[in-house]
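Enquirer: Starting off with a structure, shown below.
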Amino acid sequence: MFSIRSAKTTDVRAITEIAQPLIEKRILLGKELVEIYESIQEFVVAEQDGKVIGFGALHVMWEDLAEVRTLAVAEGVKRKGIGAAMLAELISRAERLGVRRVFCLTFEEEFFKAHGFSVISDIPIDAETYAEMVRSHDEGVAEFLDLARVKQNTLGNSRMLKLL
1151 MFSIRSAKTT DVRAITEIAQ PLIEKRILLG KELVEIYESI QEFVVAEQDG
1201 KVIGFGALHV MWEDLAEVRT LAVAEGVKRK GIGAAMLAEL ISRAERLGVR
1251 RVFCLTFEEE FFKAHGFSVI SDIPIDAETY AEMVRSHDEG VAEFLDLARV
1301 KQNTLGNSRM LKLL
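Structure representation (structure tokens):
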């Protein structure tokens, strides 16, 4: 049996170990350790017998918009509901924050469809919000906005959105 909890700074090494094979396969983008530490409060982890076996993050992008980032489960424990449980926790956190739309950029289209996400082709924000968000230095925001400087990072991914 596993449990889902907020991540701690002591989980960062386990997070990077789970992420590494996915980074090598170009499924996830690599992040510097400092970036993970700086955003650890956004992460949840799945834990089993004292060991981190999965992680995911929720990053608020705007008043009513957040992104599920880097949802991953360790090899050997996939297809056991761990990813679904972490996603449910991240969606619950989004709702508690007042977020009404959750975005993801993913290769795992079927997984996210099964959890209420739909593929989108446009950027679902108005021009005024776009003008504000484009000022962000966050790479995830740039990916959401489909800016040219991050296109090489997003090739093949599906842009998906869930309305809460």
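Per this note's numbering: the sequence shown = residues 1151 to 1314.
Glycine included, every Cβ here is placed at the ideal spot set by N, Cα and C.
Okay, do the stretch 1209-1225 and the stretch 1283-1296 touch, 3+ Cβ pairs below 8 Å being the bar?
Expert: In short, these stretches touch, since the Cβ pair count reaches three.
Enquirer: Distance check for proline 1274 and leucine 1221, CA to CA, integer angstroms please.
Expert: For the purposes of this step, residue 1221 is taken as residue 71 along the sequence shown, with counting starting at 1. For the purposes of this step, residue 1274 is taken as residue 124 along the sequence shown, with counting starting at 1. C-alpha separation (whole angstroms): 22 Å.
Enquirer: Taking buried to mean at least 16 other C-beta atoms within 10 Å of its own C-beta, is glycine 1226 buried or exposed?
Expert: Looking up residue 1226 in the sequence shown gives position 76. Result: exposed.
Enquirer: Isoleucine 1232 and valine 1223 - do their beta-carbons sit closer together than 9 Å?
Expert: For the purposes of this step, residue 1223 is taken as the residue at position 73 of the sequence shown. For the purposes of this step, residue 1232 is taken as the residue at position 82 of the sequence shown. It is a contact, given that the beta carbons lie within the stated cut-off.
Enquirer: Is it the case that the Cβ atoms of valine 1284 and arginine 1309 are separated by a distance below 9 Å?
Expert: If you number the sequence shown from 1, residue 1284 lands on position 134. If you number the sequence shown from 1, residue 1309 lands on position 159. Taking 9 Å as the Cβ cut-off, valine 1284 and arginine 1309 do not qualify as a contacting pair.
Enquirer: According to DSSP, simplified to helix, strand and coil, what is glutamate 1217?
Expert: Looking up residue 1217 in the sequence shown gives position 67. It is a strand residue.
Enquirer: Within 10 Å of its beta-carbon, does glycine 1206 have 16 or more other beta-carbons around it, so buried, or fewer, so exposed?
Expert: Taking the first residue of the sequence shown as position 1, residue 1206 is located at position 56. Burial call: buried.
Enquirer: Among the candidates Glu1239, Glu1258, Ala1216, whose CA atom is the shortest distance from the CA of glycine 1107?
Expert: The chain is shown from 1151 up to 1314; residue 1107 falls before or after that span and cannot be answered.
Enquirer: Can the beta-carbon of leucine 1313 be found closer than 9 Å to that of arginine 1229?
Expert: Position 163 of the sequence shown, counted from the first residue, corresponds to residue 1313. Position 79 of the sequence shown, counted from the first residue, corresponds to residue 1229. No; because the gap between Cβ atoms is not below 9 Å, this pair is not in contact.
Enquirer: Residues in its own chain within less than 7 Å of methionine 1236 by CB, not counting five upstream and five downstream?
Expert: Numbered from 1 along the sequence shown, position 86 holds the residue referred to as residue 1236. Contacts found: Ile1154, Val1194, Ala1196, Gly1204, Gly1206, Leu1221.
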